[in-house]
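Here the structure comes first, spelled out in structure tokens, and everything after it is commentary.
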């Protein structure tokens, strides 16, 4: 297969994993930057992630509009992806989802979401909360144009994850495998932090040095990264789609 | 298929979705107003939603009694549906269920159930709590006649959802697809609100304007609405029963 | 089939339902009084409930010892069943299990387990907590002889459920269908009560009159009772074993 | 089969059980001491526990290095196992995992993890918390050499379980069956303790005498121990791999 075909296959796997692991349901989406043209990205047409196949993948520009004359219905919120790819050349893959256990941290005033477990380290030291109402007033909370997308990307800044008040989160990473792993472990880190707060006492967060040490060690095709990707793909019933890059 | 046959098929799908998504178990039911006669509605005979087929659907009048001489056992609580259809000409579909994560809000004095996430917006700005004991004293908590049903419908008023103390909830919408979606996301909104309260600080609820903006945008056969219906039907093992209306 | 064969089949179904609904895991058991000899009861040999078949059912006396010379290993805690059948002629079926969400109520000093939802009404107005240490000191917490079983039965008294501190619960009912239903909804009632306490305010428990009204209405083969039994049996993969008694 | 082949088969079963019961996901591992050479142990190569087969088992020395010239990628954290087998001649099997519901106890300052239910008794009266930062400063939190492994083993001491702050736990037992059972019930005990704390009042922990009584009674091939092993193996889809030792 060509690099592009392999990446599309991986994007299908990513969709299925996120569905199986309850990061997305009928809603939520994952995208990857085009491997040959950094001004384009790949994402599914408007269909539930669990049902995505290679034929559902469309190519969009950094304005969120389709390349060519694809007439199929698109995700209303594709501008989240477009704006993050536009603002962050280092980002290769984006997830937007409503994973339930992240939502409370977007609406509760008191506790900030920060890494407490090593699998959550990749969310980074700070997870800002974006409130669409701040600049756009009363909306349906969806990010439906580039102005809203850019406002969200600005709040994300150089971080890896931004919570969206009353709605969900957006996550941005340097590879598809990494953004999937981060999206699966983000709700886990949220749950552990919630329970630690309930148990009481002073919560021990990961230190800045620990977060940095984990980040330095990450490589998308290390045996450890691959192990999770292979495991989740099998759980999602698409282990047969896996393509391991030559070492 | 005729309109009626299609609607019956959709009602079967709705039953299966509600079972698969843990909104109902052996108990709970969903109904839809008859498409040709607003004084009738369709609902299953006394059988668990997961096991409902087209042959199990019966036609009842707004008094909760069967049209014709169907002798099969009926849901004891069909009067919930009858009374809401009677009181609310705008309502096309009703769910009654005991979804576990809504129950605490019916028995805890302190916190009102209100939308905190965009998927929960459709429950509306206010969710009243009906206590059968207020007007009927010590009962088995079931709504087993029109007097009780009408008392419940009165408490529901113009809202979309009413909690029933120590029992469950009733939800009323302008379409079957919408009442199913609302019933699936109602427990999610309840869980997020519970967790936000545990995290502490001031909870940010959706504003009245946001709830209204989401409500205005709803159309039962938009790609976004259909996406969830298709997804849930597939999860429930009845994707093959789907009939998409002509655009 | 004979009455006895039908009851054995129902006992197999009960085992499988309790496993599927997470009331039991490898441990926990359900028994039924012999239909022809009230001084005997039927229970599985020492095997996990999920794996129980009709051939695994053994017949024990009210001393907990096998009738005849069955040499197969038996549940160490069969004395729970023996002692309750001995003390309570009205009881036809018993469950002992460690359902996780009931356990906190046996070890937390502050909150008593009481019905807050209508499906939990059958546990009755009071659920005593038995502590084996009170009369037997430091043990392995298992009820392994008649003296311990009788002490537990004494604490149960005329109630339907007794919590066992640090261990689990025992439930006693007038039919197999009822004891299964009660055992499935007991953890649900526990969860709702926990969440209501977390939400705060004054918890509204079911009134004594409501509990009594629900109890009066119960019949094991009503369409409503049968509906749950049929539903759970199908979920547990043994709907084909169902035998509905002639109306 | 030879003793060694049987033990390898059991190790495969153990991997699958831990995956099915959510003790491990893509990460986490289980090992067993070599039956003929106490200076060696068996563990899978770097692969997710759910996907482990007999061919994936490798033989390592107490320095964590492979015996012979196996070139396959190994778990980075195999030193946890090596160091515990080195320090504790009584230990025959080790699990390292990140089971979610144990994690909060490693990062919350206020509540110690101790047995509150009889199935949790095997974790022992005390569960120390090891913080890798105490002696190694800012790391990626992984135990990647013998110095770190030995520091962890020292904190474990004579106990059965040690929590690893921000990371997971290590459990050590006298048999493979026991370490699996302990690892499955450890998160359950953690959940019950969390809920008991939320319910309030004075939590009743198991007494030292009760913990000791349970510990004395344990035999790996008793009908009660076997029942759980058989049950979990069947749930994990590998009941056909079971080999019951001659009585």
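Residue numbers (this note's numbering), protein chains in the order written: chain A, -13 to 233; chain B, -13 to 233; chain C, -13 to 233; chain D, -13 to 233. The C-beta atom is built at its ideal place from N, Cα and C for all residues, glycine as well.
When you compare only the Cα positions, how much space is there between residue i and residue j?
i, j, result
"residue -12 of chain B", "residue 103 of chain C", "41 Å"
"residue 233 of chain D", "residue 206 of chain D", "Because residue 233 of chain D sits at a pLDDT of 46, beneath the cut-off of 50, its placement in the model cannot be relied upon, and the point is left open."
"residue 21 of chain B", "residue 86 of chain C", "46 Å"
"residue 107 of chain B", "residue 111 of chain C", "37 Å"
"residue 72 of chain C", "residue 149 of chain C", "19 Å"
"residue 224 of chain A", "residue 3 of chain D", "22 Å"
"residue 199 of chain B", "residue 136 of chain A", "21 Å"
"residue 151 of chain A", "residue -8 of chain D", "54 Å"
"residue 125 of chain C", "residue 185 of chain A", "29 Å"
"residue 40 of chain A", "residue 131 of chain D", "43 Å"
"residue 17 of chain D", "residue 68 of chain D", "9 Å"
"residue 217 of chain A", "residue 36 of chain D", "8 Å"
"residue -10 of chain D", "residue 208 of chain A", "31 Å"
"residue 77 of chain D", "residue 204 of chain D", "15 Å"
"residue 167 of chain B", "residue 181 of chain B", "22 Å"
"residue 38 of chain C", "residue 212 of chain C", "22 Å"
"residue 63 of chain C", "residue 158 of chain D", "28 Å"
"residue 8 of chain D", "residue 133 of chain A", "42 Å"
"residue 154 of chain C", "residue 15 of chain C", "12 Å"
"residue 46 of chain C", "residue 1 of chain C", "17 Å"
Report back the beta-carbon spacing between residue i and residue j to the nearest angstrom; my notes put them in contact at under 8 Å.
i, j, result
"residue 66 of chain A", "residue -3 of chain A", "At roughly 16 Å, the Cβ-Cβ gap does not stay under 8 Å, so residue 66 of chain A and residue -3 of chain A are not in contact."
"residue 228 of chain D", "residue 219 of chain D", "5 Å"
"residue 82 of chain D", "residue 156 of chain D", "5 Å"
"residue 129 of chain C", "residue 178 of chain D", "At roughly 19 Å, the Cβ-Cβ gap does not stay under 8 Å, so residue 129 of chain C and residue 178 of chain D are not in contact."
"residue 12 of chain C", "residue 119 of chain D", "Actually they are not in contact, since the Cβ atoms of residue 12 of chain C and residue 119 of chain D sit about 38 Å apart, beyond 8 Å."
For the alpha helix (DSSP H) containing residue i, name the first residue and the last one.
i, result
"residue 105 of chain C", "Segment: none, residue 105 of chain C is in no alpha helix (DSSP H) and carries neither H nor E."
"residue 127 of chain A", "Looking at the DSSP string, residue 127 of chain A is not in any alpha helix (DSSP H), and its letter there is neither H nor E."
"residue 165 of chain D", "162 to 185"
"residue 132 of chain A", "132 to 142"
"residue 69 of chain C", "64 to 73"
"residue 96 of chain C", "Run containing residue 96 of chain C: none; DSSP gives neither H nor E here."
"residue 202 of chain A", "194 to 203"
"residue -10 of chain B", "-11 to 6"
"residue 219 of chain B", "209 to 221"
Could you confirm whether any beta carbon from chain B is found closer than 9 Å to the beta carbon of residue i?
i, result
"residue 29 of chain C", "no"
"residue 36 of chain A", "yes"
"residue 166 of chain C", "no"
"residue 13 of chain A", "yes"
Can you tell me where the beta strand (DSSP E) holding residue i begins and where it ends?
i, result
"residue 16 of chain C", "15 to 19"
"residue 26 of chain B", "26 to 30"
"residue 44 of chain B", "43 to 47"
Opposite residue i in the DSSP bridges: which residues?
i, result
"residue 82 of chain A", "A:15, A:156"
"residue 116 of chain D", "D:150"
"residue 109 of chain D", "Looking at the DSSP assignment, residue 109 of chain D forms no beta bridge with any residue, so it has no partner."
"residue 52 of chain B", "B:46"
Using a Cβ-Cβ cut-off of 9 Å, state whether residue i counts as contacting chain C.
i, result
"residue -3 of chain B", "no"
"residue 147 of chain D", "no"
"residue 107 of chain D", "yes"
"residue 104 of chain D", "yes"
"residue 32 of chain B", "yes"
"residue 69 of chain B", "no"
Determine, for residue i, whether the minimum Cβ-Cβ distance to residues of chain D falls below 9 Å.
i, result
"residue 151 of chain C", "yes"
"residue 196 of chain A", "yes"
"residue 4 of chain C", "no"
"residue 86 of chain C", "yes"
"residue 174 of chain A", "yes"
"residue 178 of chain A", "yes"
"residue 201 of chain C", "no"
Strictly under 9 Å for the Cβ-Cβ distance: is residue i near chain A by that measure?
i, result
"residue 192 of chain B", "yes"
"residue 169 of chain D", "no"
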